[in-house]
Amino acid sequence: MGGAEVLRPIVEAAGPEHPSLLDATHQMDALFGVTNIPQVIWIDEAGMIVRPAERGSPAPQPTEDPFANFVFELMARGTTHPEWYGDRIRDWAAKGAASEWVLTPDEVIAASHPRTRDVSEAAAHFALAQHFWSTDGFSTKVLHHFEQAHTLQPENITYKRQAYSAWSFAKTHDDAARFAQSPSPGEEDQWPFVSEFFADAKQYLGLDLSAG
Amino acid sequence: MIVDRLDIDAVAFELATGWKIKPEGACRGDVCVPLDRSAGAGFNLFATAERLGMAIVADTDAGLWSIGPASLGGRSLTTAEAPELSLPDVLTGEDVTVSSFRGKKVVLASWAPY
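In the order they appear, the protein sequences are chains P and H. The numbering of the first sequence is the working numbering, which starts it at 1 and goes up by one. The numbering of the second sequence is the working numbering, which starts it at 213 and goes up by one.
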């Protein structure tokens with residue numbers, strides 16, 4: 001995606017009471033093992049992680065935006081109780097270390113996402129792709145490093161979505177293309193990636209976004 | 213972490229990776245990994261990266277190297293101590309560190325407007 005210029009109007013419209021930070025180089029991946037959004041990490045008052053990066057979909061919120069409603073529906077799909085994640089956070093806020101959702105340090109490490117040497121190499125390639133994209137624009141070199149990252153860690157959907165967005169925007173220079181996650185109809189042959197978001201979601205998230 | 217030279221010192225390595233080089237080894241949080249110092253007393257990037265399971269990818273055309281995160285232990289986290297994270301605030305542009313919230317519970321939620 002783009003930088004602060006893309007995020008600022010969204011944050012201003014939402015008016016959150018908490019800081020909203022821009023992670024242009026995907027430090028969250030390297031430091032915490034984030035592989036997709038929305039993933040959430042809990043850190044206690046002493047600076048100890050008590051839940052590692054995990055799926056943390058928000059419950060549907062009142063909105064008249066049809067697309068937002070669609071996204072909320074997608075994120076809640078497969079859950080019988082959309083408030084589940086918010087309820088866990090509220091339980092932790094109320095009970096602290098006594099919350100049933102707080103993990104021990106060993107449990108936190110064990111529950112953090114797997115990281116092999118291939119995953120480390122994927123991160124290194126992704127960093128190079130981001131570096132060259134930010135300094136020189138999209139190029140075959142950028143595509144090469146994105147492809148290497150995707151091959152080495154195929155379950156990292158964040159790496160893929162960033163590449164889909166960057167390539168699509170470079171192709172059209174249309175701001176709406178920043179949100180592209182799959183080839184446009186009729187342009188499938190030009191899509192340079194081995195996957196696209198709907199296939200990724202089905203394979204790695206168990207979400208069939210094409211139905212319903 | 214992207215570098216344009218491989219002879220970085222231990223201080224630069226710590227700043228970029230969070231791993232501090234101490235007499236007992238490479239340390240982060242409550243974890244210390246012993247290092248082989250038979251080749252000398254100085255910091256050796258390749259040996260340290262290898263020990264920590266960090267991949268080093270070269271882009272020789274650009275004269276750059278990219279160092280991946282540690283994969284030692286096979287998990288994203290080697291310790292439950294939260295690593296330092298410093299990122300700019302979208303609205304103010306000022307850097308905000310996670311450690312500045314010590315004493316409060318922190319929910320770190322990742323999102324993007326895809």
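Cβ atoms here follow ideal geometry from the backbone N, Cα and C, with glycine treated the same way. Quick caveat: nothing in here was measured; it's all calculated off a predicted structure.
The DSSP assignment places 66 to 76 as complete runs of the alpha helix (DSSP H) inside the segment 29 to 88 of chain P, in order along the chain (cut-off: 4 residues). Straight-line spacing of the CA atoms in Trp-323 (chain H) and Asp-216 (chain H) works out to 31 Å. For Leu-264 (chain H), the enclosing alpha helix (DSSP H) stretches over residues 257 to 264. A contact is defined here as three or more CB-CB pairs under 8 Å, and the segment 94 to 103 of chain P fails this definition with respect to the segment 124 to 133 of chain P. The beta carbon of Ala-292 (chain H) sits closer than 8 Å to some beta carbon of chain P. Identification of chain H residues near Thr-116 (chain P) by a Cβ-Cβ cut-off of 9 Å yields Gly-265, Ser-283 and Gly-286, ordered along the chain.
Residues of chain H with a Cβ closer than 7 Å to the Cβ of Val-11 (chain P) are, in chain order, Val-302 and Leu-303. Neighbours of Ser-120 (chain P) in chain H, taken as residues at a C-beta separation under 8 Å, are given in chain order as Gly-265, Met-266, Ala-267, Gly-280, Pro-281, Ala-282 and Ser-283. Bridge pairing for Gly-237 (chain H): H:Lys-234 [DSSP]. Leu-103 (chain P) is positioned such that its CB atom lies closer than 8 Å to that of Ala-111 (chain P). Boundaries of the beta strand (DSSP E) harbouring Thr-309 (chain H): 307 to 309, taken from the DSSP string. Residue range 222 to 229 is occupied by the alpha helix (DSSP H) that includes Val-223 (chain H). Residues of the same chain with a CB within less than 6 Å of the CB of Asp-221 (chain H), apart from the 5 flanking positions on each side, are Phe-255 in chain order. Burial check for Pro-281 (chain H): the Cβ neighbour count within 10 Å reaches 16 or more, so the residue is buried.
The beta carbon of Pro-246 (chain H) lies closer than 6 Å to those of Gly-237 in the same chain, with the five residues before and after it left out. When the Cα atoms are used, His-125 (chain P) and Ala-274 (chain H) turn out to be separated by approximately 14 Å. For Val-243 (chain H), DSSP records a beta bridge to H:Arg-240. Around the beta-carbon of Val-50 (chain P), 16 or more other beta-carbon atoms lie within 10 Å, marking it buried.
Apart from sequence neighbours up to five positions away, the residues of its chain that approach Leu-276 (chain H) with a beta-carbon distance below 8 Å are Ile-214, Val-215, Asp-216 and Ala-270, ordered along the chain.
When the five nearest sequence neighbours on each side are left out, no beta carbon in the same chain lies closer than 6 Å to the beta carbon of Ala-199 (chain P). Under DSSP, Ala-4 (chain P) takes part in no beta bridge, so it has no partner. Residue-level contact check: Asp-91 (chain P) does not touch chain H, since none of the beta carbons of chain H fall below 8 Å from its beta carbon.
DSSP, read as helix, strand or coil, puts Arg-90 (chain P) in helix.
Chain order gives the chain P residues near Lys-316 (chain H) as Glu-45, where near means a beta carbon separation below 7 Å. Between Gly-3 (chain P) and Ala-30 (chain P), the C-beta spacing is not below 8 Å. For Ser-134 (chain P), no beta strand (DSSP E) encloses it; the enclosing alpha helix (DSSP H) starts and ends at 117 to 136.
Residues of the segment 21 to 32 of chain P whose Cβ lies closer than 7 Å to any Cβ of chain H, in chain order: Leu-21, Leu-22, Asp-23, Gln-27, Met-28, Ala-30, Leu-31 and Phe-32.
Contact with chain P is found for Ser-322 (chain H), since one of that chain's Cβ atoms lies less than 8 Å from the residue's Cβ.
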